[in-house]
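From first to last, the protein sequence lines are chains P and D.
Quick note on full-length UniProt numbering: the first sequence kicks off at 1 and runs consecutively.
Quick note on full-length UniProt numbering: the second sequence kicks off at 1 and runs consecutively.
Every residue, glycine too, gets a C-beta built ideally from N, C-alpha and C.
What you are looking at is a predicted structure, and each value in this text was computed from that prediction instead of being measured.
2 protein chains.
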Amino acid sequence: MSDTATRKRGRGTGGGAARRAERTAVRIEAARYIERNIPNLEMLDDAALELIEANAETVLEEIGVVFSENPAALDRWREAGADVQGDRVRIPKGLARKLCSTAPAQFTQHARNPERSVEIGGRNLVFAPVYGPPFVRDRQLGRRYATIEDFRSFVKLAYMSKWMHHSGGTVCEPTDIPVNKRHFDMLMAHMTLSDKPFMGSVTEPSRAADSVEMCEILFGKEFVAENTVMTSLININSPLTFDATMMGALEVYAQANQACIVSPFIVGGAMAPVTVAGTLTQVLAEVMAGVAYSQLCRKGAPVIAGAFVTSIDMNSGAPTFGTPEAALITYGAGQLVRRLGLPYRSAGSFTGSKLPDAQSAYETSNSLNMGLLSGVNFMLHAAGWLEGGLVASLEKFVTDADQLGVLHTLAGGVDMSETGQAMDALREVGPGGHFLGCAHTQANFKTAFWRSQVLDYKPFETWADEGGRDTAALGEARVEKLLAEYQPPDLDPGIADGLEDYVARRKAEMPDAFN
Amino acid sequence: MSDTATRKRGRGTGGGAARRAERTAVRIEAARYIERNIPNLEMLDDAALELIEANAETVLEEIGVVFSENPAALDRWREAGADVQGDRVRIPKGLARKLCSTAPAQFTQHARNPERSVEIGGRNLVFAPVYGPPFVRDRQLGRRYATIEDFRSFVKLAYMSKWMHHSGGTVCEPTDIPVNKRHFDMLMAHMTLSDKPFMGSVTEPSRAADSVEMCEILFGKEFVAENTVMTSLININSPLTFDATMMGALEVYAQANQACIVSPFIVGGAMAPVTVAGTLTQVLAEVMAGVAYSQLCRKGAPVIAGAFVTSIDMNSGAPTFGTPEAALITYGAGQLVRRLGLPYRSAGSFTGSKLPDAQSAYETSNSLNMGLLSGVNFMLHAAGWLEGGLVASLEKFVTDADQLGVLHTLAGGVDMSETGQAMDALREVGPGGHFLGCAHTQANFKTAFWRSQVLDYKPFETWADEGGRDTAALGEARVEKLLAEYQPPDLDPGIADGLEDYVARRKAEMPDAFN
C-alpha cells in the first residue's frame, strides 16, 4: 500500500516516475479549518445562563454523578474533595468548575501532513465525518451492514472533500471485521488513506492504548508524548452516569495528553427532562463532571466539551433531528461552554430520514446552520449521517460535505475593503445598467461566489435532457467520480511497514470476537 | 360559493344545519404571527453599517436613481428638493433617510377574520406563500403551466397550514385566464377561500385600483379608508431604476393607505456588484429612494423595506439560492433596515432545484434559518418556491410550511420558568434513571416538542412496509389530505355577491388580453 502510494503521489520523492506522477496527480483541494469572522448568536441572556449554572452546581452537589465500576475514579474524586458514597460522587459547589479551569481553551490536533493540522477552540470550527453507523446506504445497493471497504470509501471521500477538515473515527462500523480487531483496520485506513487528523478507539481502554501506540509509529514516540494527535469521543451515559469503559478510554487518552470529547448523548425526554433549560442544566453538570475528571487524570489534558442532543417523538419514541428544541439547546450549551473556557462540540448532519431526500436536507441544514452560529468548535457528524445515525450514506456524505462550503463562506463575514464596497462598479454601471461586463466584476467574479460542486444550477431543459436527476443521483455521480480519482497521500514506506507489522502482531495475539 | 361556505362552516351562523356543521367541521389550526423572543444575529459591526450608509448616500447624491416615464414622480422629487435632470433624480445626502422617517415602524394588516390580522414590524415575523411562478409541479402531473385551479389549491393549502400567516398574492400565475383579468380571479380566491390577509395586484395601476375597490366591498369602504388591508409587492428595477408601472401601483396603494413592499430584486453580479458590501450599498440606496417616494405620495403610508437577493452562477448565468453571499446580504440588509426604523422583508423557501429533493431543502433551510435570525418581519415566498421561482410546487409547499413550525418554536426562545428549569425532574430521576415516566415529563410532554405534521419519524421497518416513501411522496399525501378536508371559511353572502357582481361588471368592460 505505502509503496504504491509513494509511486502514485510522487510528492517530494524525486525520480522520473515521481515526476511523471506529479504531472498527472489528482489535485486535492483542502480548506483550512474555519476561523470565524462573524459573531455567534447569543441566544440566552446572562441571567438565564447564571440560573442554569447555579442549577447545575446544585445538581452536582445534591444529586451527584455515578462513576460505575471504577474504584480508581472514586479515589481520585475523594482526594479532590468530593463526597463519595458507593459509586455516587457528590461534588461541592464550585469544585468541578475549578477543576475544569486547567483544561486548555484551545489546542492543536496535529495531522501527519502539517498543513492539515487543526486548531480546536477559540473562534475556530473543524468539521469531521459521521461517526458510528452500523449500516451504510447508497443508491446502487440500498441499505446494508457496513464493511471495511465501505469504511475505506468514507475515509477516501473525507480526504477528497475540500471543506472536510478531519478524517473522523468510526465513520461506519466495519461489521465484517471481528469487534476486537476493528480498531486496527479503522486506524490503518485513517493513517494510510488520508493525511487529515483522526480519532482513536474508545470501545475499550486497551484499544485506546493500541491507538496511542499506532500514533507513536506514525508520528514518532517523542512527538506523541508532547503533542495531541487524536481527538476521541467519550460519551457520557446520561443522566449523570460515567461508565467504566468510556472512562477507561478517557483515562488512557488524558494520561497520554490526547484529546477527548466529553459529551452527553441525550435524547431529550428520555435521558433528560423535556425542557430546554432542564436539559441544559443536565448537560452542563455532566460536562463539568466529565471534564473535571479528565483534569484529575492529567491536569492540562486537552478536552472538548460536547453536547449531543436530540428530542424524542413522544408518539413513536423515535429520536428526532433538526428540531427547534435541539437548536435552542445547541445555542445555549455553546454559551455555557464558552463561559467554562473550553472548546465546544455539537451539531452535525443530523436527520431521522431513511433516504437522502428533502427531509434529510431540511433537518441537516437546520443543524449545520445552528452549529455554525452557536460557536461550535468541533462538529462531529458534519457529513453523511442518515436515519438517526443508524446509517452512513455515501451520497449524503458528498452533498453534506458540499454544504459545509456554505458555512465556510458565511463564517468569513463581509469584506469591507474598497474592493468589497464596489463604489467604482456602482459608478461605472449606473441606473438601468448591467454589472456582468463592468471592470469590477471582471476582476472579482471568479472568487466572488461560493459554488456548489454537486448541486444542479442548469436550466430546466438541460437538466431534463441529462436525465432529470435528483440530488441523490447527483451525489452518486460525485461519489463515483471522487472514488475513481482517489489517490492515497504519500507515506514513508518504513512507517507503513511499521504500522502493518504492529497490527499483524497485535491481531495474532487475540482470538476473533464478534460481540 | 358563499352560500355553500356558510352552510359548511357554520361558525356563529345559528340554526340546526349550522350546529350540525359545527360538529363535523374540519378544525383549522392557525398560529399567530411570530413574536420573537430571541435576539437577531447582528452580522455587521457599527463601523461597517455606517460605511455602507455613507456610501448609499453618495450613490443617491452622485449617481442618483431613474424614475422612468413618470413626470408626476419627477415633480414630487423636484418639490422635495432633489436635483432632477431628465428622468434622473439625484437626492441630496440625508434627504431620502429623512423622508423615510415618516413611514411607520410597525403596522397592522387586517384580515377579514380579525384573529388572522398580522402586525408587521418590530420583533414580529409573518410568513406568506410563494409569489409569481408561471409553472406548477406536482408528482402526479409533473411540470406544467399554472391554472386558476392550481392557484385555488395553493390558497386552500395556505389557509389550512397552521404556520402560514398570510394568503399571499400571485401564488402562481393563472395562465388560463386573460392577463388583464387574472387579478379579479386571484383576489376572489384569496377573499373567499381564505380568511387570512392577502396582497393586491401590482401589474398595472388600474389593477391596483380594482384591488382597493374589491377590498372596499369585502371590508367596507370606511374600514379600508382607515386601515391597511393589503400588503403588495413593488419591485425595483435594479440597478437604481423605478419603472412607471410599479410606481403607478405604489402610488395607488400609498394614497389609499395600503402597504407596499418596496423591494430591490437583485441577482448579484448582474443587477448589482459581485460583492456583499457593494450589493448592500445598492439595496440601501434603492430602498431609501423607493420608501422616500412612497412618503412623497402619502406621508405616513405603511411600507416594508425589502431585499430580494440572490447570486448568479458565473458559469451558467443561472441564479443560485441558499448561498452564503445571499445570507450575508440578508443579515446586513436587516440591520440597515432596522436602523431606518422600517419593517423588513427578505428570505423565503428559495431554491434553484427542479425537484423538491435534498438540494431544494438544503437551499430552502439555509434561507429560512437566516430569515428568522436576520430579523425579517415579512417573509414572502415562505413556502412552495421551486426552480428559481419559475415553479410553485404543491408538495414542497406543505413540507416548507411544516418547517415554518421549526422557526416558530425556535423564535419562542427558552422557557426559564420553574417548569422550564425542571429541577424536580432531575431530582426525581437521578443518575442512570429514565425521564419518560417522571411526573414532570407526564405533565409537560404534550407541548414539549415541536412535531412535524408531514415528515417521517417511523422505524425503518414500518417505513419500508409503508412503501419507503420519500419526502415528496409524504408531501403529496399531505396535499391530498388537506385539499380533501378543505372547507371554505364563512363569508357573508351579501359580500360574496357584491364581489361577484363587481368582478362580472369589470370583466365585461374589457376585452381579453393575453400579454
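Minimum Cβ-Cβ distance from residue i to chain P less than 8 Å
i: residue 184 of chain D; result: no
i: residue 310 of chain D; result: no
i: residue 431 of chain D; result: yes
i: residue 404 of chain D; result: no
i: residue 362 of chain D; result: yes
i: residue 150 of chain D; result: no
i: residue 385 of chain D; result: no
i: residue 352 of chain D; result: yes
Minimum Cβ-Cβ distance from residue i to chain D less than 8 Å
i: residue 440 of chain P; result: yes
i: residue 96 of chain P; result: no
i: residue 358 of chain P; result: yes
i: residue 481 of chain P; result: no
i: residue 276 of chain P; result: yes
i: residue 493 of chain P; result: no
i: residue 78 of chain P; result: no
i: residue 261 of chain P; result: no
i: residue 332 of chain P; result: yes
i: residue 325 of chain P; result: yes
i: residue 23 of chain P; result: Any reading at residue 23 of chain P must be qualified, since the residue scores a pLDDT of 49, below 50, and its modelled position is unreliable; no value is offered.
Nearest-angstrom Cα separation, counted from residue j out to residue i
i: residue 314 of chain D; j: residue 435 of chain P; result: 12 Å
i: residue 308 of chain D; j: residue 367 of chain D; result: 11 Å
i: residue 197 of chain D; j: residue 496 of chain D; result: 17 Å
i: residue 262 of chain P; j: residue 310 of chain D; result: 40 Å
i: residue 271 of chain D; j: residue 135 of chain P; result: 48 Å
i: residue 441 of chain P; j: residue 275 of chain D; result: 9 Å
i: residue 211 of chain D; j: residue 287 of chain P; result: 60 Å
i: residue 43 of chain D; j: residue 379 of chain D; result: 19 Å
i: residue 403 of chain D; j: residue 51 of chain P; result: 31 Å
i: residue 386 of chain D; j: residue 508 of chain P; result: 58 Å
i: residue 56 of chain D; j: residue 201 of chain D; result: 30 Å
i: residue 100 of chain D; j: residue 280 of chain D; result: 18 Å
i: residue 443 of chain P; j: residue 317 of chain D; result: 17 Å
i: residue 407 of chain P; j: residue 37 of chain P; result: 12 Å
Expected contact under 8 Å - CB spacing of residue i and residue j to nearest Å
i: residue 516 of chain D; j: residue 125 of chain D; result: Missing from the structure shown is residue 516 of chain D; chain D here goes from 1 to 515 and no further.
i: residue 486 of chain D; j: residue 160 of chain D; result: 6 Å
i: residue 399 of chain D; j: residue 454 of chain D; result: 6 Å
i: residue 499 of chain P; j: residue 214 of chain P; result: 6 Å
i: residue 348 of chain D; j: residue 388 of chain D; result: Actually they do not touch by this definition, with Cβ atoms about 12 Å apart.
i: residue 395 of chain P; j: residue 138 of chain P; result: 6 Å
Extent of the continuous alpha helix (DSSP H) to which residue i belongs
i: residue 250 of chain D; result: 244-255
i: residue 139 of chain P; result: Looking at the DSSP string, residue 139 of chain P is not in any alpha helix (DSSP H), and its letter there is neither H nor E.
i: residue 211 of chain D; result: 205-219
i: residue 297 of chain D; result: 276-297
i: residue 337 of chain D; result: 324-340
i: residue 51 of chain P; result: 46-58
i: residue 155 of chain D; result: 148-160
i: residue 263 of chain D; result: Here residue 263 of chain D belongs to no alpha helix (DSSP H); instead the beta strand (DSSP E) covers 259-268.
i: residue 495 of chain P; result: 493-508
i: residue 475 of chain D; result: 471-485
i: residue 360 of chain P; result: 358-373
Range covered by the beta strand (DSSP E) that runs through residue i
i: residue 461 of chain P; result: Segment 460-465 is the alpha helix (DSSP H) holding residue 461 of chain P; no beta strand (DSSP E) there.
i: residue 392 of chain D; result: 391-393
i: residue 414 of chain P; result: Segment: none, residue 414 of chain P is in no beta strand (DSSP E) and carries neither H nor E.
i: residue 107 of chain D; result: 106-109
Discussion item. With a threshold of 8 Å, are at least 3 pairs of Cβ atoms found where one atom belongs to the segment 117-129 of chain D and the other to the segment 26-35 of chain D?
Written reply: In short, these stretches touch, since the Cβ pair count reaches three.
Discussion item. Is it the case that the segment 329-339 of chain P contacts the segment 422-430 of chain D, given that we only count it when at least three CB pairs across the two stretches are under 8 Å?
Written reply: Contact annotation: the segment 422-430 of chain D does not touch the segment 329-339 of chain P, with fewer than three C-beta pairs closer than 8 Å.
Item to complete: Decide yes or no for the touch test of the segment 287-301 of chain P against the segment 89-101 of chain P: beta carbon pairs closer than 8 Å, at least 3 of them.
Response: At 8 Å Cβ cutoff, the stretches touch.
Practice prompt. Spell out a yes or no on whether the segment 477-484 of chain P and the segment 344-363 of chain D are touching, meaning 3 or more CB-CB pairs, one atom from each, closer than 8 Å.
Written response: Under the Cβ criterion (8 Å, minimum of three pairs), the segment 477-484 of chain P does not count as touching the segment 344-363 of chain D.
Discussion item. I want to know whether the segment 65-80 of chain P touches the segment 64-82 of chain D - three or more CB-CB distances under 8 Å.
Written reply: The segment 65-80 of chain P vs the segment 64-82 of chain D: no contact.
Worksheet item: How do the segment 411-420 of chain D and the segment 151-165 of chain D stand: do at least 3 beta-carbon pairs fall below 8 Å, yes or no?
Response: Here the segment 411-420 of chain D makes no contact with the segment 151-165 of chain D; the two share fewer than three CB pairs at distances below 8 Å.
Item to complete: Please confirm if the segment 170-177 of chain D is in contact with the segment 147-159 of chain D, defined as three or more CB-CB distances below 8 Å between the two stretches.
Response: Output reads yes: the segment 147-159 of chain D touches the segment 170-177 of chain D.
Worksheet item: Contact between the segment 231-241 of chain D and the segment 254-269 of chain D: three or more CB pairs below 8 Å?
Response: The segment 231-241 of chain D, when compared against the segment 254-269 of chain D, does touch it at the 8 Å Cβ threshold.
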